[in-house]
Amino acid sequence: MRIARTINENYVKSRVPRGFNLSAARAVQRRLSALVVEKPLSESRFVAGLDVAYVGNTAVAAAVVVDSISKSVMDSAIIYTRVDFPYIPTLLSFRELKPMVMAYKSLGRTPHVVMIDGHGIAHPYRLGIAAHFGVTMRVPTIGVAKSLLYGECDVGADASPILDPATGDQLGAVIRCGAGVGPTFISVGSLVSLPDAVRLTRELCVSSVMPLPILMAHRLANKAKKSVKPQ
DNA sequence: GCGACAG
DNA sequence: ATCTTGTCGC
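In our numbering, the protein residues as written are 1 to 231.
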């Protein structure tokens, strides 16, 4: 089944907080996206996964490092922080980047690559949260999402490229991690190649739409969330 | 014309 | 994402 999505900028504009300069944000996204580097990974054994859960305006961000050989957890970290910016499609990093960076920095071990719950360059301005993280932190990142934000692809296929409807450029790939599981959307964040991103994601997808590192981070964040005072 | 839109 | 019960499937 072929799907295609574009963004309604008026909808985005209607949700932006009073005083937020949207065109300036778009300019920043365009400028940073030019810094995205696509290259093969030199090492990919230790893979971190990042995810964020919420209790009101408190973000609970978790980072988990998985050994892709043994599939075991090598390290993990959780941080809690207040967020003020709302969720708005195409502006996710303005809400979640800081919590993710804090969780990442709390790790005691430096992973070879970071998988992030969200898109990389499969974004109307080529700067999804995984690309934003990779460019600002200067570490290899891969964007892995459960649904498409921008682009067109065939979700029925075993593997299909995600194309930019405006330019025809390839933005990423959508794959199936198994029968009965939904599609997994993959795109480069920075400092990795798409083939490496797809290979590593396939390797770490164990009967789930999400790869092990992100899945573990998701569970950890949700577990930690339970001990946060409701607001 | 209305609706859809990573998390 | 989060708010929420029971219910269907493996």
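C-beta: ideal position from N, C-alpha, C; glycine also. Remember, it's a predicted structure, so these values are computed and weren't measured experimentally.
Which value, in whole angstroms, describes the spacing of the CA atoms of residue i and residue j?
i      : j      : result
Val47  : Leu32  : 24 Å
Arg2   : Ser227 : 42 Å
Ala4   : Gly151 : 6 Å
Lys13  : Ala27  : 15 Å
Leu50  : Met115 : 6 Å
Lys232 : Tyr11  : Only positions 1 to 231 of the chain appear in the structure, and residue 232 is not among them; the question remains open.
Ala217 : Ile78  : 9 Å
Ala157 : Leu41  : 26 Å
Arg138 : Arg15  : 30 Å
Asn21  : Gly168 : 29 Å
Leu148 : Arg109 : 32 Å
Arg202 : Lys223 : 26 Å
Glu9   : Ser23  : 11 Å
Ala34  : Gly180 : 38 Å
Going by beta-carbon coordinates alone, are residue i and residue j separated by less than 8 Å?
i      : j      : result
Leu190 : Val36  : Before going further, note that residue 190 is Ser rather than Leu in the sequence given. Result yes, Cβ atoms of Ser190 and Val36 sit closer than 8 Å.
Val232 : Leu204 : Because the chain here runs from 1 to 231, residue 232 falls outside it and cannot be looked at.
Val155 : Pro183 : yes
Val66  : Tyr80  : no
Asp117 : Val135 : no
Leu192 : Pro140 : Correcting the residue type first, residue 192 is Val in the shown sequence and not Leu. Cβ atoms of Val192 and Pro140: closer than 8 Å.
Arg18  : Asn57  : no
Ser76  : Arg45  : no
Ala122 : Leu171 : yes
Thr6   : Pro213 : no
Going by DSSP in three states, residue i sits in which element: helix, strand or coil?
i      : result
Leu127 : coil
Arg138 : coil
Ala53  : strand
Met102 : helix
Phe94  : helix
Tyr80  : strand
Arg18  : coil
Glu9   : helix
Met2   : Per the sequence shown, the amino acid found at residue 2 is Arg instead of Met. Strand, per DSSP.
Phe85  : coil
Ala122 : coil
For residue i, collect the residues of the same chain with a Cβ closer than 7 Å to its Cβ; drop the 5 residues on either side in sequence, then sort them by chain order.
i      : result
Glu43  : His112
Arg30  : Tyr125
Gly178 : Ser207
In its own chain, which residues sit with a C-beta less than 8 Å from the C-beta of residue i, not counting the 5 before and 5 after it?
i      : result
Phe94  : Ala25, Phe85 and Ile88
Ala159 : Ala173, Val174, Ile175, Arg176 and Val198
Val55  : Lys225, Val228, Lys229, Pro230 and Gln231
Lys98  : Thr81 and Val83
Lys39  : Leu191, Val192 and Ser193
Met74  : Phe46, Val65, Val66, Asp67 and Arg109
Ser106 : Ala63, Ala77, Ile78 and Ile79
Leu92  : Gly118, Gly128 and Ile129
Run the proximity test for residue i: is its beta-carbon closer than 7 Å to any non-hydrogen atom belonging to the ligand SAH?
i      : result
His119 : Absence of the ligand SAH from the depicted structure is noted, as is the absence of any ligand whatsoever, leaving it without description.
I'd like the list of long-range same chain contacts for residue i, defined as Cβ closer than 6 Å, with 5 residues on each side in sequence excluded.
i      : result
Gly120 : Gly128, Ala130, Ala131, Gly143, Ser187, Val188 and Gly189
Cys153 : Ser160, Ile162 and Val174
Tyr104 : Ala63
Leu215 : Ser208
Phe185 : Ala145, Leu148 and Val174
* **Contained alpha helix (DSSP H) runs [length at least 4] in the segment 160-216, N- to C-terminal order** => 194-204
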